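Undergrad:
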Amino acid sequence: MKQKTLQWIETFLFLVLNLSIFYAGADHPVPKGFIWLVLWIVLISLLQHIYLGWFLKEVRKKDFLCLHLFVYIGMGIISLFYLIHGRIYREYLLFVFFILGIFVLYGFVFYVINRWLARKFL
């Protein structure tokens with residue numbers, strides 16, 4: 004399988020799965036503002052498609068996992084400092100940590116799946 008084909012398959016699956024999850028959680032009929040969420044997910048899908056072009060080439064390297072994890076940890080720490088400086092209320096801290104945890108989990112799963120796909124198909 005070619006790398007471009009794999010990129011498009013992943014982009015399509017990401018788009019469909021995210022839209023399905025958000026649609027399932029939305030009110031029915033969906034509100035007018037839902038279109039902005041759809042446009043945001045499409046934009047993120049396209050950005051992920053572009054990122055995958057570079058990522059699939061680099062994921063085969065042994066030291067790439069450390070670099071990838073340090074980037075996600077660094078972004079999480081920067082986000083926490085920004086939130087602490089912004090005087091976030093204590094009630095929202097659990098929500099913020101939950102969202103940060105989801106993003107870190109997504110980054111790890113993204114790495115593991117793409118490492119497996121690169122090894123198996125490229």
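With our numbering, letter number 43 in the sequence shown gets 46, and the count goes up by one each step, no holes. Backbone N, C-alpha and C define an ideal beta-carbon position, used for all residues, glycine too. Values in this document were obtained by computation on a predicted structure and should not be read as measured data.
1) Kindly give me the distance between the Cβ atoms of G79 and L103, rounded to whole angstroms, as I take these residues to be in contact under 8 Å.
2) Please classify V62: is it buried, with 16 or more other beta-carbons within 10 angstroms of its beta-carbon, or exposed?
3) For L120 and Y26, what's the separation of their Cα atoms in angstroms?
4) Apply the 10 Å Cβ neighbour rule to E13 and answer buried if 16 or more other Cβ atoms are within range, or exposed otherwise.
5) What first and last residue would you give for the alpha helix (DSSP H) that runs through H71?
6) According to DSSP, is V99 part of a helix, a strand, or is it coil?
7) Taking the C-alpha atoms as reference points, what is the distance between F15 and L46?
8) Kindly indicate which residue of K64, I116, F67 and F124 has the alpha-carbon position closest to the one of F17.
9) In this structure, does DSSP put R122 in helix, strand or coil?
10) Can you tell which of V107, F37 and Q10 has the C-alpha that lies nearest to the C-alpha of L22?
TA: Looking at the coordinates:
1) 5 Å
2) buried
3) 28 Å
4) buried
5) Here the alpha helix (DSSP H) through H71 covers F67 to H88.
6) helix
7) 12 Å
8) Cα-wise, what sits closest to F17 is I116.
9) It is helical.
10) F37
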